[in-house]
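Working notes, beginning with the structure itself.
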Amino acid sequence: MRKIIFSSVCLATILSLVLIIALFVALFIGGFINLQTALFLGVLFSVITIILNYVLAIIFVPKFVKRIKADFNAPHEANTYSAITNFVDALINTKKQNETQISDLSFQIESANSFFNNMQDGFIILDRFGNISTINPKAKAFFGANGDYKGKNINTLNSHTGFSDKIKAALQDHGGQMFIETDKIYSIVFLPSKDKGVVVLISNVTGQQLAEKSRIEFPANVSRELSAPLTIITGFADLIAKGATDAVDATHFAQKIGSECRRMLNTVENIKFLSELDEMNGPQAFVRFDVARVAAEAIESWKDSAAEAGVSISLSATICPIRGNRHLIYALFSNLLSNAVRYNKLRGEVKIAVSLKNNFAYINVTDTGIGFTKEEHHMVFDRFYRTPHALSRDGEGSGLGLSIVREIVRYHDGTIDLESEPGAGTRVFVKLPQGV
Numbered sequence: 156m157r158k159i160i161f162s163s164v165c166l167a168t169i170l171s172l173v174l175i176i177a178l179f180v181a182l183f184i185g186g187f188i189n190l191q192t193a194l195f196l197g198v199l200f201s202v203i204t205i206i207l208n209y210v211l212a213i214i215f216v217p218k219f220v221k222r223i224k225a226d227f228n229a230p231h232e233a234n235t236y237s238a239i240t241n242f243v244d245a246l247i248n249t250k251k252q253n254e255t256q257i258s259d260l261s262f263q264i265e266s267a268n269s270f271f272n273n274m275q276d277g278f279i280i281l282d283r284f285g286n287i288s289t290i291n292p293k294a295k296a297f298f299g300a301n302g303d304y305k306g307k308n309i310n311t312l313n314s315h316t317g318f319s320d321k322i323k324a325a326l327q328d329h330g331g332q333m334f335i336e337t338d339k340i341y342s343i344v345f346l347p348s349k350d351k352g353v354v355v356l357i358s359n360v361t362g363q364q365l366a367e368k369s370r371i372e373f374p375a376n377v378s379r380e381l382s383a384p385l386t387i388i389t390g391f392a393d394l395i396a397k398g399a400t401d402a403v404d405a406t407h408f409a410q411k412i413g414s415e416c417r418r419m420l421n422t423v424e425n426i427k428f429l430s431e432l433d434e435m436n437g438p439q440a441f442v443r444f445d446v447a448r449v450a451a452e453a454i455e456s457w458k459d460s461a462a463e464a465g466v467s468i469s470l471s472a473t474i475c476p477i478r479g480n481r482h483l484i485y486a487l488f489s490n491l492l493s494n495a496v497r498y499n500k501l502r503g504e505v506k507i508a509v510s511l512k513n514n515f516a517y518i519n520v521t522d523t524g525i526g527f528t529k530e531e532h533h534m535v536f537d538r539f540y541r542t543p544h545a546l547s548r549d550g551e552g553s554g555l556g557l558s559i560v561r562e563i564v565r566y567h568d569g570t571i572d573l574e575s576e577p578g579a580g581t582r583v584f585v586k587l588p589q590g591v
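Counting from 156, one number per residue, gives the positions in the sequence shown under my numbering.
So this is what it looks like as structure tokens:
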């Protein structure tokens, strides 16, 4: 405190002396006073100034120091800094509001990105130049692309005929749609946006298209499948009725009539089964059961037929509990065994393996039968489809067995695939969620 008072007195005295000296020099030069009087008054005023500065410093300096200390210790309470404090408070509030808005915006962006990345359909946003603003993983998978394509032109990805034309039309406010068929069927929708860009939606419509195709073809297929045996039955029955056969022919014709009747009954039963599957919605009548036990039951029912055909059946299985429709899984094994036994070679084999891994049931059915070509792979699951080799070997099949198997797998949200070569047999792979 003393140092502050001393410094204040010295500073005030120096300033005062400068002013006094300047004043009396001006008076002396102007001739108002002589030199002796100027020196006397200068010394007198200097002493008075020093005393006065010292007294003022003792009185006011401690008060100022105390006030300044109070302001530093509690600046928000000092009226002197109230304007600054209010300004700082306003800045803090504005910053908090901006941080909240930025946080909300970031959350919305993250939510939108998460939604787009997890969409089951492909999603692309293009700017008015056809450059990619947003593209999700499903759209990249459709084009068979990886990496970052943001900012690149859509034509760097596209190689499908007509796609570029649809983009150009959409950029001119003309939306449209096209279908692209590879191993699957895709619907591509082009939507002009209000910002003079284009939104592209890519949807896998294989199931819907196949269902529509099946619905259209179903009556014709049923008619064809039933008309052939009915024609044979009618012909043989007419011959027997006219007495144009001997006892041996009559017996043969009667056996043929019975065979064709069984074929029709089998077709009708399979059609009925497929119709029931088509009408099912959701996991109806799902129970917990062991897939391995169901496989063993199906093998037991086919044991005699396999022995007559000279085919052996083996099962390799571990306990495999799932939640599903037990009746349908039995039908799955029965239809796979039917194909594997009927179209196998003499002293052929059928091997069934059932296992559980990572909450999925795996079913593999391998036979040493006639097989089929790679060109037929995408057709064998079609309703009423029969390979030429099957037609030449067995007239009683309906061509619905693998269709039924596929629908059962779909009903359980599973997957099915197969491998086959002519003369080298067939291997069917089924994967079902455990659902327990």
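C-beta atoms are modelled at their ideal positions from N, C-alpha and C, and glycine is treated no differently. As the structure is a prediction and not an experimental result, all values here were calculated from the model.
Span of the alpha helix (DSSP H), counted from its first residue to its last, around residue i
i, result
"ALA461", "446-463"
"PHE488", "481-497"
"ASP320", "318-326"
"ALA294", "292-298"
"GLU504", "That residue, GLU504, is in no alpha helix (DSSP H); its beta strand (DSSP E) goes 503-512."
Residues sharing a beta bridge with residue i, DSSP
i, result
"ASN332", "Rather than Asn, the amino acid found at residue 332 in this sequence is Gln. DSSP, once it has assigned bridges, lists VAL344 as partnering GLN332."
"GLU574", "ARG582"
"ASN286", "ASN308"
"ASN301", "DSSP, once it has assigned bridges, lists no residue as partnering ASN301."
"ILE468", "VAL505"
"ARG478", "ARG443"
"PRO588", "PHE515"
Residue j beta carbon less than 7 angstroms from that of residue i
i, j, result
"LYS323", "GLY331", "no"
"ALA453", "LEU501", "no"
"ASP276", "LEU356", "yes"
"PHE536", "ARG561", "yes"
"GLY302", "ASN286", "no"
"ASN490", "GLY556", "yes"
"ALA440", "VAL509", "no"
"LEU394", "THR400", "yes"
"ILE280", "ALA294", "no"
"ALA464", "VAL496", "yes"
"ASN494", "VAL466", "no"
"GLU424", "PRO384", "no"
"THR311", "ILE340", "no"
"ILE426", "ILE388", "no"
"GLY317", "MET333", "yes"
Residue i classed as buried or exposed, judged by whether at least 16 other C-beta atoms fall within 10 angstroms
i, result
"ASP572", "exposed"
"GLY578", "exposed"
"GLY526", "buried"
"THR581", "buried"
"VAL583", "buried"
"SER547", "Residue placement at SER547 cannot be trusted, given a pLDDT of 45 that sits under 50; the coordinates are not used to answer."
"GLY503", "buried"
"PHE242", "Residue confidence for PHE242 is low, a pLDDT of 49 falling below 50, so the modelled location carries little weight and cannot support an answer."
"GLU576", "exposed"
"LEU420", "exposed"
"LEU511", "buried"
"THR473", "exposed"
"PHE195", "exposed"
"GLY524", "buried"
"VAL505", "buried"
"ASP522", "buried"
"VAL520", "buried"
"ILE309", "buried"
Extent of the continuous beta strand (DSSP E) run through residue i
i, result
"ILE559", "Counting along the chain, ILE559 falls outside any beta strand (DSSP E), though it belongs to the alpha helix (DSSP H) covering 556-566."
"ASP522", "515-522"
"GLY277", "277-281"
"ALA440", "Neither: ALA440 is in no beta strand (DSSP E) and is coded neither H nor E."
"ASN359", "353-359"
From the options, residue whose alpha carbon lies closest to that of residue i
i, options, result
"ILE507", "ASP401, ALA451, HIS407 and ILE290", "ALA451"
"ARG443", "HIS567, MET274 and ALA405", "HIS567"
"SER558", "LYS529, ALA486 and ASN513", "ALA486"
"ALA516", "VAL496, VAL198, ILE477 and ASP404", "ILE477"
"LYS586", "ARG497, GLY479 and GLY556", "GLY479"
"GLY590", "MET534, GLY503 and CYS475", "CYS475"
"GLU530", "PHE488, GLU574 and ILE388", "GLU574"
"ASN291", "VAL403, PRO384, VAL423 and SER358", "SER358"
"MET274", "LYS458, PHE284 and ALA296", "ALA296"
"LEU483", "SER430, ILE563 and ALA405", "ILE563"
"ARG481", "ASP338, GLU455, SER471 and VAL449", "VAL449"
"LEU326", "ALA300, PHE284 and GLN363", "PHE284"
"GLN410", "ILE206, LEU470, ALA396 and PHE391", "PHE391"
"PHE488", "ASN513, TRP457 and ASP338", "TRP457"
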